[in-house]
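Chemist: Line by line, the protein sequences give chains A and B.
With the first letter of the first sequence counted as 1, position 225 gets the number 225 in full-length UniProt numbering; the numbers rise by one all the way through.
With the first letter of the second sequence counted as 1, position 114 gets the number 114 in full-length UniProt numbering; the numbers rise by one all the way through.
Note that beta-carbon positions come from the ideal geometry of N, C-alpha and C, so glycine has one too.
There are 2 protein chains.
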Amino acid sequence: MSKGITSKNEDYSQWYNDIVIKADLAEHSSVKGCMVIKPYGYSIWEKMQAVLDQKFKDTGHSNAYFPLFIPKSFFSKEASHVEGFATECAVVTHYRLKNDGNGNIIVDETAKLEEELIVRPTSETIIWNTYKGWIQSYRDLPILVNQWANVVRWEMRTRLFLRTTEFLWQEGHTAHATADEAIEETKKMLDVYADFAEKWMAVPVVKGVKTPNERFAGALDTYCIEALMQDGKALQAGTSHFLGQNFAKAFDVKFTSKEGKLDHVWASSWGVSTRLMGALIMAHSDDAGLVLPPKLAPIQVVIVPIYKHDEELQKITAFADELMSKLKRMGVSVKYDDRDTQRPGFKFAEYELKGVPLRIAIGARDMENGTAELARRDTREKQTVIQDGLEIHIVQLLEEIQENIYKKALGFRDEHITEANSYEEFKELLDGKAGFIAAHWDGTPETEQKIKEETKATIRCVPLGNKLEDGLCIYSGKPSKQRVLFARAY
Amino acid sequence: MSKGITSKNEDYSQWYNDIVIKADLAEHSSVKGCMVIKPYGYSIWEKMQAVLDQKFKDTGHSNAYFPLFIPKSFFSKEASHVEGFATECAVVTHYRLKNDGNGNIIVDETAKLEEELIVRPTSETIIWNTYKGWIQSYRDLPILVNQWANVVRWEMRTRLFLRTTEFLWQEGHTAHATADEAIEETKKMLDVYADFAEKWMAVPVVKGVKTPNERFAGALDTYCIEALMQDGKALQAGTSHFLGQNFAKAFDVKFTSKEGKLDHVWASSWGVSTRLMGALIMAHSDDAGLVLPPKLAPIQVVIVPIYKHDEELQKITAFADELMSKLKRMGVSVKYDDRDTQRPGFKFAEYELKGVPLRIAIGARDMENGTAELARRDTREKQTVIQDGLEIHIVQLLEEIQENIYKKALGFRDEHITEANSYEEFKELLDGKAGFIAAHWDGTPETEQKIKEETKATIRCVPLGNKLEDGLCIYSGKPSKQRVLFARAY
């Protein structure tokens, strides 16, 4: 098959789009800014969901579901929250259409809502309005709830998975008796995200805290995991917010402590979205298509028979059937592609495009010799191995591939953290696609904003456990106590 | 604990609401007609989803995701479809809010959409608009896709789970080369739903086909499963539609057949929703609270220690720990409730309310005698059993409970299918809460409509494999070839 994927080095952005479209992951819909997640793309998202959901449950959380719509007045209750989201809201104003008598379907103006409803861009307000009814005493705390849902933020410039008007995500919303507990929760969930990114997605991340400019609208602190893409741009892969008592105060949620004192409740919220799909695609793929880490690949192994006659096929199929049942018992997802409408070369290219980690080709000569040919997607290396004990070799190889993909991404990331000691150097590094740039900053929003305007680079985070070091801000020359990580970002 | 559940016989409707609220399943939100599904209720829905999702995958379907919003013009393309849904649509008209300068958040009139967007009440139109790009040849067929999503239908009178403005559901949308294949798919998915209702929910259902009056807007045939609630009212628990070529024609989706002919594609769609939660609750519960079939119970077994001293508790806990690990290995979900803030009696009432199928109480004397007390939720019977081999006894008992709950519901349903041979008899039976009434009908929409207006009873379905029998319509006296099932319904 002709893949028609633009080379990564030629046009990274087009390369990304080509992979998303040609690997059948997603496509633009007829609704501006909204995507269709196609079955193959969705099956990867389902694997991500399953792992994350289990991690949330293992850390004591339950799922629930809150309304899609938020009354406009709820937004206004937390001042910085409404400021952050008001300019990108889908607003429901009517609840009926009608036929105008000439066969045209129009909005029925007699069915206008008294108060407009906002399609949730995030659910803090509707959830804290609900929690008010759930919390009276310390005995009702903590509340550890997560929601899997769709949200809408009206984006003017969209990109499949990375920035879409509607996207899928999970949002955890927790309530606690003390600030310490809420902060502990915030950090715990950041660790869950980092673990997921590194162990499952094979994407190394920097854990850090956002500057006030980049904080979630309504948070006291936003923690984040930042990943690096192959073009040297950063991607925020997940955030966990310490909300203090902001939403509890906005919605008047108080509890009686063990000591009988009345106080506002402390909160966290945290989320990851279908944006992770974008990170997964961009972190590992190459000019032949998608590269998937085995742990998130819907098909981990594909077996392609190579034969001339039916008799040859029958022998190969008998062997493949046995191998597949062994692999399935070992928890490996495997597909046998014996379509007679396509040639092996076409199939090889197709599975490369779709990122299947391991391809096994078995021909008539292999059956005579008791061998099989394995082709790794990550290194594109081939090896001929013996059929005896093949299933064990495959399981080990999948683990090796998972590790190799991670190590490659980690090596790339580590090579792309560079210190800059002057603004000139900073700008040169940026233009050279150097990745994360560690530089001194005077700590003011004004400097951060100016650097952003002049270079399009933002402070991605102040890394957790950051080394303290005296220095001078690259922009203002004022004293600084630590370097922060800058980058251009998705 | 004081349950405060209204008696079922006193006020069935209030009884239902009391159970939903007091068992922590769901509650009304501040958004008119929208509910909050609470963690315990959602955990039951998650179990339903997991089982259904596996059944869909086992029958060859994949999940995907399509936009929440549907352009208004898409609706108008299928005439009966728009007629069916236009009067209950949430309409998005603007994409921005703003501060009016006096601190009020208002809709920004400069951000008005050129074309209004409808929040999906169902996704046939947006999906068939998408399928147009996916289908060229018979090789692209069948398309077997399902979506788990939220949908919105603006309901004036809502009831938790049974009828809410926003609800959660799955909607399958399939495309086929021939009418026969599409019909086969339609019926296959009806069987999947019936199997799920009976084997998992323990709710017996009648499989049938809807009359034209009750068909899905845009379908040629609507198949359904109809369940009977304890108040003698029917509940439509799932539908599967044969859509013919209606949506393919509306969205111009054609394919080239093997023979090289161009034709429109054939379609089915099918769905079940959080309404199933309502059916589950109403079918089995009693005045003590929820009754859950073990296969869908988030907690299947609860162990409550009964002790005076810590020493007694320690012995019981050691035994319980061992029992729990045995049960977990056998796939049983079990909870140990050793809270010292509540008395056993309070706990017993709480787990009855929440429908936990089996409760185990273990006291100091039990530890001496090597016994335990089991209490079944379905029959409320208690038995003292020996501790030796208890885990095997429990697994068998859970199966027995599942079966008993189904048999009880089946017995009730079978007693509540009655033939009526005159309109007088028909009305008497209805008022006597007789359940399904099998009666002759002349086959006209007019008669059906008049019976509905006069009695609030509708034709629930023409049962599949219905016996043919000459008779006279109970309303018009005109000749009829078969009885159909009438009932008042949710």
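Please look up how many angstroms separate the CB atoms of isoleucine 105/B and alanine 86/A, rounded, as I've assumed it's under 8 Å.
Modeler: The Cβ separation is near 6 Å, so the contact holds.
Chemist: Hey, would you say serine 268/B sits closer than 8 Å to glutamate 214/B, going by beta carbons?
Modeler: Result no, Cβ atoms of serine 268/B and glutamate 214/B do not sit closer than 8 Å.
Chemist: Taking 8 Å as the threshold, find out whether the region 129-146 of chain B comes into contact with the region 90-103 of chain B through three or more Cβ pairs.
Modeler: Contact fails: fewer than three Cβ-Cβ distances are below 8 Å.
Chemist: According to the neighbour-count rule (16 or more other Cβ atoms, all chains shown, within 10 Å of its Cβ), is glutamine 402/B buried or exposed?
Modeler: When all chains shown are included, glutamine 402/B counts as buried.
Chemist: Check the Cβ of isoleucine 21/B against every Cβ in chain A and list those closer than 9 Å, keeping chain order.
Modeler: Simply none; closest approach about 11 Å.
Chemist: Which value, in whole angstroms, describes the spacing of the CA atoms of isoleucine 360/A and valine 291/A?
Modeler: When rounded, the distance between both Cα atoms is 16 Å.
Chemist: Give the residues of chain A in contact with glutamate 116/B, contact being defined as C-beta atoms less than 7 Å apart.
Modeler: By Cβ distance, chain A contributes Val107.
Chemist: Is the beta carbon of threonine 455/B less than 8 Å from the beta carbon of leucine 472/B?
Modeler: No, the pair does not count as a contact, with Cβ atoms beyond the cut-off.
Chemist: Ends of the alpha helix (DSSP H) at residue 515/A?
Modeler: Residue coverage of chain A in this structure runs from 1 to 490, which leaves residue 515/A outside it and unanswerable.
Chemist: Just the C-alpha distance for tyrosine 336/A and alanine 297/A, rounded to the nearest angstrom, thanks.
Modeler: Cα to Cα, tyrosine 336/A sits roughly 15 Å from alanine 297/A.
Chemist: By a C-beta neighbour count over all protein chains shown, 10 Å radius and 16 as the cutoff for buried, is isoleucine 386/A buried or exposed?
Modeler: By the 10 Å Cβ count, isoleucine 386/A comes out exposed.
Chemist: Within the 8 Å Cβ cut-off, does histidine 94/A reach chain B?
Modeler: Yes - at least one Cβ of chain B is within 8 Å of the one on histidine 94/A.
Chemist: How far does the alpha helix (DSSP H) with alanine 182/A in it reach, from first residue to last?
Modeler: It spans 179-195 - the alpha helix (DSSP H) in which alanine 182/A sits, taken as one unbroken run.
Chemist: Do the region 275-294 of chain A and the region 309-328 of chain A make contact, defined as three or more Cβ pairs closer than 8 Å?
Modeler: Short answer: they don't touch.
Chemist: Say whether chain B places a C-beta atom closer than 8 Å to the C-beta of methionine 1/A.
Modeler: At methionine 1/A the pLDDT is 49, less than 50, meaning the model places this residue with poor confidence and gives no usable figure here.
Chemist: Using three-state DSSP, classify serine 43/B as helix, strand or coil.
Modeler: Three-state DSSP puts serine 43/B in a helix.
Chemist: Quick check on glycine 4/B: does DSSP put it in helix, strand or coil?
Modeler: DSSP places glycine 4/B in coil when its eight states are reduced to three.
Chemist: Quick check on the burial criterion: 16 or more other C-beta atoms within 10 angstroms. Buried or exposed for leucine 25/B?
Modeler: With 16 or more other Cβ atoms within 10 Å, it is buried.
Chemist: Just to confirm, is the Cβ distance from alanine 409/B to proline 121/B under 8 Å?
Modeler: Contact: no.
Chemist: Does the separation of the CB atoms of leucine 220/B and phenylalanine 242/B fall below 8 Å?
Modeler: Yes, Cβ-Cβ distance for leucine 220/B and phenylalanine 242/B is below 8 Å.
Chemist: How would you call histidine 61/A, buried or exposed, if buried means at least 16 neighbouring beta carbons within 10 angstroms?
Modeler: Buried, since its Cβ has 16 or more Cβ neighbours within 10 Å.
Chemist: Just grab the DSSP bridge partners of leucine 374/B for me.
Modeler: DSSP lists Ile360/B, Gln383/B as partners of leucine 374/B.
Chemist: Among residues of its own chain, excluding the 5 on either side of glutamine 300/B, which ones have a beta-carbon nearer than 8 Å to its beta-carbon?
Modeler: Only Pro294, Val332, Ser333, Val334, Val356, Pro357, Leu358, Leu398 meet the Cβ criterion.
Chemist: Should the region 411-424 of chain B be regarded as contacting the region 390-397 of chain B, the criterion being three or more beta carbon pairs within less than 8 Å?
Modeler: Output reads no: the region 390-397 of chain B does not touch the region 411-424 of chain B.
Chemist: I need the DSSP call for phenylalanine 216/B, collapsed to helix, strand or coil.
Modeler: It is coil, neither helix nor strand.
Chemist: Between the Cα of leucine 168/A and the Cα atoms of Phe247/A, Ser273/A, Arg153/A, Val192/A, which residue gives the shortest distance?
Modeler: Nearest C-alpha to leucine 168/A: Ser273/A.
Chemist: For the pair the region 228-237 of chain B and the region 465-480 of chain B, tell me if three or more CB-CB distances fall below 8 Å.
Modeler: No: fewer than three Cβ pairs fall under 8 Å.
Chemist: Pick from Arg157/A, Phe75/A, Glu226/A: whose alpha carbon is nearest that of isoleucine 115/A?
Modeler: Note that residue 115/A is glutamate in the sequence shown, not isoleucine. The shortest Cα separation from glutamate 115/A among Arg157/A, Phe75/A, Glu226/A belongs to Phe75/A.
Chemist: By a C-beta neighbour count over all protein chains shown, 10 Å radius and 16 as the cutoff for buried, is serine 285/B buried or exposed?
Modeler: Serine 285/B is buried by the Cβ-count criterion.
Chemist: What does the alpha-carbon distance come out to for the pair asparagine 17/B and glycine 289/B?
Modeler: Computed Cα separation, rounded: 11 Å.
Chemist: Considering only C-alpha positions, which residue in the set Lys249/A, Tyr490/A, Trp270/A is nearest to leucine 262/A?
Modeler: Out of Lys249/A, Tyr490/A, Trp270/A, Lys249/A has the C-alpha closest to the C-alpha of leucine 262/A.
Chemist: Hey, out of Ala364/B, Arg365/B, Asn404/B, whose CA is closest to glutamate 381/B's CA?
Modeler: Cα-wise, what sits closest to glutamate 381/B is Asn404/B.
Chemist: Assign glycine 101/B to one of two classes, buried (16 or more other C-beta atoms within 10 Å of its C-beta) or exposed (fewer than that).
Modeler: So glycine 101/B counts as exposed.
Chemist: How is aspartate 11/B classed by DSSP in three states: helix, strand or coil?
Modeler: Of the three classes helix, strand and coil, the one that applies to aspartate 11/B here is coil, per DSSP.
Chemist: DSSP beta-bridge partners for arginine 163/B?
Modeler: DSSP lists Arg159/B as partners of arginine 163/B.
Chemist: Against chain A, with Cβ distances strictly below 8 Å, would tryptophan 128/B count as a contact?
Modeler: Tryptophan 128/B does not count as touching chain A.
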